[in-house]
Ligand code: BGC
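As structure tokens, this is what we get:
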């Protein structure tokens, strides 16, 4: 195997999202998941990993595995349960957690939208309503004001492309409104929401670094012919690049969530196979943005033996991409702990730890790589 090499201060972490681990939530997803048929195993996020109460244990898991970074989301519906009312107790609870992370030399990266909305925002149409742009920017500015001194890295929106696709085009996720018109509206409003959030966050604290966690799929042409090449280029532009291009001036770093890769061909089937070194390919392509890059999510629900190989193999691709000039600053495995996997309920397990916080062997494999590479 290629000898791993990572820059000094490289972030080795894991990622989670509030709705998937915290439990006890009252937002649009919590309402939606209770409707029969919406979640495959008929279970809800009601308790999940109970991280709202057990967050200290989560930090211990990070510590025990020698990780030096943690990406998580702050839940808008908790902070601002009614318009304009910012709950000081909730802010205090997140502050305690962030302080504890920093005390333990674990760099926090905070997401502000990871697929869930306060009910009052959902009830005006969520991101399909232009008012949500201002509400979101106000929330983002307030968060930068509250936490800007202790959190530098912000992956403001998580996967707008996935959110629109699943929420409006396929419509098997909340809000589950099958409409291309609404989906396209929400997509463009998310572009504006990012831009407005950038402005209000910088105003609140110029020190914050504003980024995104964009789901990117590696596409390569299956053959050398011009049709395959054009089609795979088009797929990259639509899925990976369009949104980023529109907000490029409002990005201090690029966060990439990577799960899928395809070979593309003009004849049927259009998607004809997977790419062996897809992460490497994605990272080399992403150099074009001339931004610091973080792999903000990358994970697998496969059996743990495969997860171990997955982590080893992917970190090796990362190291190669760095050697070939990618300005990669960190890697966040998805996920720290098994959790509520949206419409799949608890049937997909991505965790380095199970939901009772027991480490899998892959957690030890990751720890070993981290320790060998952070000297
Ligand atoms: C999302 C996570 C999700 C993961 C695994 C990503 O698209 O950001 O919330 O759990 O994929 O499916």
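Numbering (the working numbering), first residue to last: 7 to 381.
Ideal Cβ positions, reconstructed from N, Cα and C, are used throughout, including at glycine.
This structure is a prediction, so every number in the text was calculated from the model and none was measured.
How many Å lie between residue i and residue j at the Cα?
| i | j | result |
| --- | --- | --- |
| residue 327 | residue 126 | 44 Å |
| residue 165 | residue 147 | 20 Å |
| residue 173 | residue 20 | 25 Å |
| residue 27 | residue 282 | 31 Å |
| residue 37 | residue 10 | 45 Å |
| residue 22 | residue 352 | 15 Å |
| residue 89 | residue 142 | 11 Å |
| residue 254 | residue 217 | 10 Å |
| residue 95 | residue 304 | 33 Å |
| residue 312 | residue 137 | 45 Å |
| residue 366 | residue 232 | 46 Å |
| residue 182 | residue 29 | 21 Å |
| residue 177 | residue 24 | 22 Å |
| residue 358 | residue 223 | 23 Å |
| residue 374 | residue 309 | 19 Å |
| residue 31 | residue 54 | 10 Å |
| residue 380 | residue 300 | 17 Å |
| residue 258 | residue 295 | 11 Å |
| residue 260 | residue 289 | 11 Å |
| residue 244 | residue 78 | 27 Å |
| residue 180 | residue 58 | 22 Å |
| residue 63 | residue 364 | 11 Å |
| residue 107 | residue 114 | 7 Å |
| residue 338 | residue 239 | 27 Å |
| residue 306 | residue 369 | 13 Å |
Taking 8 Å as the limit between beta carbons, can you name the residues of its chain near residue i, skipping five residues before and five after?
| i | result |
| --- | --- |
| residue 213 | 154, 155, 158 |
| residue 276 | 237, 270 |
| residue 293 | 331, 332, 333 |
| residue 162 | 117, 118, 119, 146, 200, 203, 204, 207, 216, 217, 218 |
Less than 7 Å between C-beta atoms, sequence neighbours within five positions excluded: which residues of the same chain meet that for residue i?
| i | result |
| --- | --- |
| residue 286 | 323, 326, 327 |
| residue 124 | 33, 82, 83, 86, 87 |
| residue 39 | 45, 50, 51 |
| residue 168 | 221 |
| residue 198 | 139 |
| residue 241 | 225, 270 |
| residue 105 | 156 |
| residue 371 | 314, 317, 318 |
| residue 111 | 74 |
| residue 93 | 84, 85, 87 |
| residue 256 | 200, 201, 204, 216 |
In this structure, how does DSSP classify residue i when only helix, strand and coil are distinguished?
| i | result |
| --- | --- |
| residue 30 | coil |
| residue 99 | helix |
| residue 300 | strand |
| residue 352 | coil |
| residue 111 | coil |
| residue 359 | strand |
| residue 334 | strand |
| residue 17 | strand |
| residue 221 | strand |
| residue 117 | strand |
| residue 72 | coil |
| residue 162 | strand |
| residue 153 | helix |
| residue 277 | strand |
| residue 311 | helix |
| residue 80 | coil |
| residue 228 | coil |
| residue 134 | helix |
| residue 91 | strand |
| residue 57 | helix |
| residue 370 | helix |
| residue 243 | helix |
| residue 182 | coil |
| residue 305 | coil |
| residue 261 | strand |
| residue 45 | coil |
| residue 176 | coil |
Residues in its own chain within less than 6 Å of residue i by CB, not counting five upstream and five downstream?
| i | result |
| --- | --- |
| residue 278 | 228, 269, 271 |
| residue 133 | 192, 195, 196 |
| residue 267 | 224, 280, 281, 284 |
| residue 265 | none |
| residue 175 | 189 |
| residue 347 | 354 |
Closer than 8 Å: is that where the CB of residue i sits relative to any heavy atom of the ligand ATP?
| i | result |
| --- | --- |
| residue 338 | You won't find the ligand ATP in this model; what it holds is the ligand BGC. |
inquiry  = Would you call the stretch 199-217 in contact with the stretch 128-147, where contact means no fewer than 3 C-beta pairs closer than 8 Å?
reply    = yes
Three or more C-beta pairs below 8 Å linking the stretch 66-77 and the stretch 342-354 = yes
inquiry  = Pairs of beta-carbons, one from the stretch 175-192 and one from the stretch 243-258, closer than 8 Å: are there three or more?
reply    = no
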